[in-house]
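Below is one structure, written out as structure tokens; the observations come after it.
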Amino acid sequence: MSTKNLFEEIRPTWLARVSTRLAVGEVIQESFAEQLAQLYDVLVEAIADGSPRQVESVLLNWINSRTESDFDPSENSVYSILSQMLLITCDIANETLNDSDALALISRAIPVYTRALEFSATSEAKLELKHLDEELEKTRTNIEKLDDSKSDFISIAAHELRTPLTLIEGYASMLDDVTMNNPQSEQTTVCLNGIKAGTSRLREIVDDMIDVSLIDNSLLTLNYQPVWLNRLLNQVYREVNATVLERNLTLEILPYPGSDEMIFADGERLFQAFRNLVTNAIKYTPDDGRITIDGRLLPGFIETIITDTGIGIDPEDHMRIFEKFGRLGNASLHSSGKLKFKGGGPGLGLPITKGIIEAHNGSIWVESAMFDEKQCPGSAFHVLIPILKTPPDENTAQLFNHLLVNS
125 MSTKNLFEEI RPTWLARVST RLAVGEVIQE SFAEQLAQLY DVLVEAIADG SPRQVESVLL
185 NWINSRTESD FDPSENSVYS ILSQMLLITC DIANETLNDS DALALISRAI PVYTRALEFS
245 ATSEAKLELK HLDEELEKTR TNIEKLDDSK SDFISIAAHE LRTPLTLIEG YASMLDDVTM
305 NNPQSEQTTV CLNGIKAGTS RLREIVDDMI DVSLIDNSLL TLNYQPVWLN RLLNQVYREV
365 NATVLERNLT LEILPYPGSD EMIFADGERL FQAFRNLVTN AIKYTPDDGR ITIDGRLLPG
425 FIETIITDTG IGIDPEDHMR IFEKFGRLGN ASLHSSGKLK FKGGGPGLGL PITKGIIEAH
485 NGSIWVESAM FDEKQCPGSA FHVLIPILKT PPDENTAQLF NHLLVNS
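The sequence shown begins at 125 in the numbering used here and counts up by one.
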């Protein structure tokens, strides 16, 4: 008996058994039976003439018709269905045919099934990869929308807070003037000082929110002027010195090559960046700790390194700390004072610092072995500032022409 006749002999049994095992429910079985009949006929033709192309065409239609819910369970894959079909084919051949006919049928069927299994595995892998790429793109788009929404909220909130904050500051100043001319009780003075301290802190937060919004939207503008890094760092030292003394910290600024050279940069913004870095070092260095500012001269850049003996940062968080609101640890365990150990804050200082440095075409990164509040491995923040000996625009160059001639 020919191989084709052998397949025709087992056809009814094969269709019934495969339909029953692989389809659940009568309606599904009826629909599946039609597809099975088509596949079976194509399989028989492929086995007879040795060409699997028609089989691949049918399998491809099956694969492309899979829904998203079919991608997870492996038993729904066409590869899994084909594997079960091969086992059923072998079982039926052994049950209904004599040994020689069963061997002849199975030996002719296995090469075609093998080719079909390879094709289905490859095609399904490509389809699932395409599906994952689409899901990844959707996720990326959603994250971008979420980040844009966050940036929009920050911008709107900052500007909405600005007006009432200005009113509070104005009325507080008026009350302060009144109490100076007409001395009031000590309690009134304490209340006014509390209002001024609170509004000052809130003003810093609002200004930070506005800066983040400017950086996010590439709207941060720089006012280039002559700058000496050692002078900026000394100014930072004077601003934080009271806190350094209060917490018995040691803050040392070492003279390093390039720090006393005149360069063109936005002095106010660089001061803000270095103040953020020193403030950050103070916050995460325990009392009696040490903070050192050093650096070196590199080709085209001045590198400033701010090293502390603080609690350190895990390597996996080295990038995260430069993201908006990227505070580490449990925020509820942070102290309320801005410059106290593990002091609170909105988590905008380092992102703003990064934005300022990169706006100068510089770069910033951190080195730290690990986070450990007991061993305190410390951190080292590296800042590269380009050495600009002339301003980037002609108007500024003309304004400081006398300095450029004498330099």
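Don't be surprised by glycine CBs; every beta carbon is placed ideally from N, CA and C.
Report the CB separation of residue i from residue j in whole angstroms; it is logged as a contact under 8 Å.
i      : j      : result
Arg232 : Ile187 : No, Arg232 and Ile187 are not in contact; Cβ-Cβ is about 25 Å, not under 8 Å.
Leu183 : Phe243 : 6 Å
Pro470 : Phe446 : No, Pro470 and Phe446 are not in contact; Cβ-Cβ is about 14 Å, not under 8 Å.
Glu158 : Val202 : Their Cβ separation, rounded to whole angstroms, is 17 Å, which puts Glu158 and Val202 out of contact at 8 Å.
Ile511 : Gly424 : 6 Å
Arg141 : Ile212 : 6 Å
Gly382 : Leu356 : Not quite, the Cβ-Cβ distance comes to about 13 Å (not below 8 Å), so this is no contact.
Ala161 : Leu206 : Not a contact, Cβ separation roughly 16 Å.
Thr137 : Thr220 : 6 Å
Gly502 : Thr431 : 7 Å
Val360 : Val302 : That pair is no contact at about 35 Å.
As a quick exercise: from the options, pick the residue whose alpha carbon is nearest that of residue i.
i      : options                        : result
Val330 : Glu248, Ile267, Leu472, Leu210 : Leu472
Ala366 : Lys464, Met386, Leu299         : Lys464
Ala504 : Thr477, Ser487, Asp496, Gly434 : Gly434
Val168 : Ser201, Trp352, Glu133, Pro423 : Glu133
Tyr408 : Arg135, Asp496, Lys513, Tyr361 : Asp496
Ile339 : His484, Phe524, Arg239, Ile509 : His484
Phe500 : Gly436, Lys513, Thr477         : Reading off the sequence shown, one finds Cys at residue 500, where the question assumed Phe. Nearest of Gly436, Lys513, Thr477 to Cys500, Cα basis: Gly436.
Ser337 : Ser273, Ile234, Thr431, Lys513 : Ser273
Glu440 : Ala493, Arg362, Leu326, Leu211 : Ala493
Asn185 : Gly318, Leu163, Glu261         : Leu163
Leu421 : Ile509, Gly391, Ser175, Leu375 : Ile509
Ile334 : Glu284, Val179, Ala226         : Glu284
Ser175 : Ile212, Val236, Pro136         : Val236
Ile387 : Thr246, Arg141, Lys513, Glu259 : Lys513
Ala321 : Ser342, Thr303, Ile292         : Ile292
Val351 : Arg177, Phe524, Lys262         : Phe524
Asn129 : Leu229, Ala521, Ser224         : Leu229
Ile377 : Ile417, Val364, Asp432, Leu344 : Ile417
Thr313 : Arg325, Arg327, Met298, Leu326 : Met298
Phe131 : Ala226, Glu310, Gln208, Ser204 : Ala226
Val364 : Phe395, Ala389, Ser143, Leu344 : Phe395
Val368 : Ile278, Ile415, Ile426         : Ile415
Lys498 : Ile426, Glu482, Arg444, Gly413 : Gly413
Ser189 : Asn404, Glu252, Cys214, Asp215 : Glu252
Phe277 : Lys478, Asn341, Glu258         : Asn341
Lys478 : Glu259, Ala397, Gln311         : Ala397
Arg362 : Arg399, Ala389, Glu482, Leu344 : Arg399
In chain order, what residues of the same chain have a beta carbon less than 8 Å from the beta carbon of residue i, not counting five sequence neighbours either side?
i      : result
Pro379 : Asn354
Asp411 : Arg371, Asn372, Leu373, Phe465
Asp332 : Pro470, Leu472, Gly473, Ile476
Arg327 : Leu289, Glu293
Leu457 : In this prediction, Leu457 scores a pLDDT of 49, lower than 50, which makes its location untrustworthy; the coordinate-derived value is nonetheless stated afterwards. Correct list, in chain order: Lys466.
Leu139 : Ala157, Leu160, Ala161, Tyr164
Met304 : none
Ala245 : Tyr203
Ile216 : Ile134, Thr137, Trp138, Arg141
Can you list, in chain order, the residues of its chain with a C-beta nearer than 6 Å to that of residue i? Leave out the 5 residues immediately preceding and following it.
i      : result
Thr428 : Gly419, Val507
His98  : Outside the displayed span of the chain (125 to 531) sits residue 98, for which this structure offers no information.
Glu518 : none
Val166 : Gln178, Val179, Val182
Leu210 : Tyr237
Ile267 : none
Glu261 : none
Give me the DSSP bridge partner(s) of residue i.
i      : result
Phe92  : Any answer about residue 92 is impossible in this case: the structure gives the chain only from 125 up to 531.
Ser231 : For Ser231, which the question treats as bridged, DSSP gives no partner whatsoever.
Ile430 : Ile417, Phe505
Pro350 : Phe388
Leu167 : None, per the DSSP bridge assignment.
Ser487 : Leu508
Thr287 : BP columns for Thr287 are empty, so no partner.
Leu375 : Ile415
Quick one: residues in its chain with C-beta nearer than 7 Å to the C-beta of residue i, no 5 flanking neighbours on either side, listed in chain order?
i      : result
Arg393 : Leu346, Ile480
Arg286 : Val330
Pro516 : Tyr348
Ala296 : Leu316, Ile319, Lys320, Thr323
Ala405 : Ile415, Ile430, Asp432, Gly434
Cys214 : Ile230
Asp300 : Leu316
Any alpha helix (DSSP H) of 4 or more consecutive residues that is wholly inside the segment 307-348:
310-340
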